[in-house]
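Just so you know, we're using this note's numbering here: the sequence shown kicks off at 10 and counts up by one.
Built from N, CA and C at the ideal position, the CB exists for glycine as well.
Note that the coordinates shown come from a computational prediction; the quantities given were computed from them, not determined experimentally.
Accompanying notes for the structure given below.
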Amino acid sequence: GFFLLLVLGVLPLGHNILVKLEQHIQPPATMPADIGGILVLGGSLDTGVSGARNMPALNGAADRVLAGVTLAQRYPEAVLVFSGGNNNLSGGGAPETLYVHQLLNDIGYDTRSVFFEDESRNTHENIVFTRKLLMPQPEETWILVTSAWHMPRAAAVMHSMGWPGKVLFWPVDYRTDGVARAWPPAFDVADNMDKTALALHEGIGWLTYRLTGRINPRGEKLEQ
Numbered sequence: 010g011f012f013l014l015l016v017l018g019v020l021p022l023g024h025n026i027l028v029k030l031e032q033h034i035q036p037p038a039t040m041p042a043d044i045g046g047i048l049v050l051g052g053s054l055d056t057g058v059s060g061a062r063n064m065p066a067l068n069g070a071a072d073r074v075l076a077g078v079t080l081a082q083r084y085p086e087a088v089l090v091f092s093g094g095n096n097n098l099s100g101g102g103a104p105e106t107l108y109v110h111q112l113l114n115d116i117g118y119d120t121r122s123v124f125f126e127d128e129s130r131n132t133h134e135n136i137v138f139t140r141k142l143l144m145p146q147p148e149e150t151w152i153l154v155t156s157a158w159h160m161p162r163a164a165a166v167m168h169s170m171g172w173p174g175k176v177l178f179w180p181v182d183y184r185t186d187g188v189a190r191a192w193p194p195a196f197d198v199a200d201n202m203d204k205t206a207l208a209l210h211e212g213i214g215w216l217t218y219r220l221t222g223r224i225n226p227r228g229e230k231l232e233q
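In structure tokens form, the structure reads like this:
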């Protein structure tokens with residue numbers, strides 16, 4: 010056990026897996042003049058800590074919120090929606106979007122035209138519930154915002170469910186420099202372990218979604 014932990018903490022296994030995930034989908038080279046909506050997936054705050062401290066507690070994926078606000082300022086006519094409930098297995102606690110709402114108010118951002126989808130507990134529900142809430146139209150172009158390492162799975166869910174219209178993918182929250190290595194650039198066991206844990210989490214997510222039919226391996230749209 011100790012030897013395995015040592016190997017995972019020294020070798021850049023997690024780093025290289027994250028590189029592959031992050032490089033899989035690139036930001037759009039050009040952007041259209043009009044955007045119908047901007048969907049920001051949850052995962053930017055720790056709901057447990059936020060509830061305990063009664064204030065928004067951002068985590069390493071906070072770039073998602075920042076990117077959503079930045080894009081909304083660039084496209085003021087677009088619908089901005091933050092999607093994220095509470096994924097606490099016990100079912101208790103406030104939804105993540107409650108704290109996103111509080112955070113935006115705290116920094117002076119006008120939230121009167123912002124939508125907050127607060128029932129979803131995972132990536133699949135983020136997308137399915139938002140579609141039911143806002144009913145995107147086939148002629149609209151939407152932007153999907155999430156972490157770069159998470160984008161391949163989120164994009165696959167969107168494709169499998171048959172999201173109407175065109176979707177542009179806006180990856181943020183990069184954890185690597187995009188270069189795969191045989192040896193880590195710095196001897197940082199904690200960082201290597203964090204990246205390995207994140208890569209394992211995403212791998213389990215992929216497998217679970219494939220086994221449960223949330224991602225169609227044949228690339229065909231699934232009925233909702």
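In terms of residues, what are the limits of the beta strand (DSSP E) holding I152?
Counted as a single uninterrupted DSSP element, the beta strand (DSSP E) harbouring I152 occupies residues 150-156.
Give me the Cα-Cα distance between W158 and R121, rounded to the nearest whole angstrom.
Roughly 31 Å separates the two Cα atoms.
Please report the residue range of the alpha helix (DSSP H) in which W234 lies.
Past the boundaries of the shown model lies residue 234; the chain is included only from 10 to 233, so the question cannot be answered.
Suppose only complete runs of 4+ residues qualify. What are the alpha helix (DSSP H) ranges in the stretch 66-135, listed by chain order?
Within the stretch 66-135, the complete alpha helix (DSSP H) segments at least 4 residues long are 72-83, 105-115, listed from N- to C-terminus.
Specify the secondary structure class of P161 as computed by DSSP and reduced to three states.
Of the three classes helix, strand and coil, the one that applies to P161 here is helix, per DSSP.
Would I47 and G77 qualify as a contact pair, given that the criterion is a beta-carbon distance under 7 Å?
Yes.
On the criterion of 16 or more Cβ atoms from any shown chain inside 10 Å, does N86 qualify as buried, or is it exposed?
Residue identity check: residue 86 is Glu in the sequence provided, not Asn. By the beta-carbon neighbour count (other beta carbons within 10 angstroms, threshold 16), E86 is exposed.
Go to V58, then tell me how far its alpha helix (DSSP H) extends in each direction, as first and last residue.
Judged by DSSP secondary structure, V58 falls within the alpha helix (DSSP H) whose first and last residues are 56-62.
Strictly by DSSP, which residues pair up with V176?
DSSP links V176 through a beta bridge to W151.
Starting from L30 and walking both ways along the alpha helix (DSSP H), at which residues does that stretch end?
First-last of the alpha helix (DSSP H) with L30: 22-33.
Check whether the stretch 111-125 and the stretch 147-158 are in contact - that is, three or more C-beta pairs closer than 8 Å.
Judged by Cβ distances under 8 Å, the stretch 111-125 makes no contact with the stretch 147-158, as fewer than three pairs qualify.
Could you tell me the boundaries of the beta strand (DSSP E) in which V49 lies?
That run of the beta strand (DSSP E) goes 46-50.
Buried versus exposed, by CB contacts within 10 Å (16 or more), W172:
With 16 or more Cβ atoms within 10 Å of its Cβ, W172 is classed as buried.
E31 and Y183 closer than 7 Å at C-beta:
The Cβ atoms of E31 and Y183 sit closer than 7 Å to each other.
Using CA coordinates, which residue listed in P145, G222, N201, V181 is at the minimum distance from G174?
Answer by Cα proximity: P145.
For the candidate residues V28, V19, M167, E128, whose alpha-carbon lies nearest to that of G187?
Looking at V28, V19, M167, E128, the one whose alpha-carbon comes closest to that of G187 is V28.
Tell me which same chain residues have a C-beta within less than 7 Å of the C-beta of F196, skipping the five on either side of it?
Within the same chain, F196 has no close Cβ partners at all.
Inspect the beta-carbon positions of G60 and G102 and report whether they are closer than 7 Å.
The answer is yes: Cβ separation under 7 Å.
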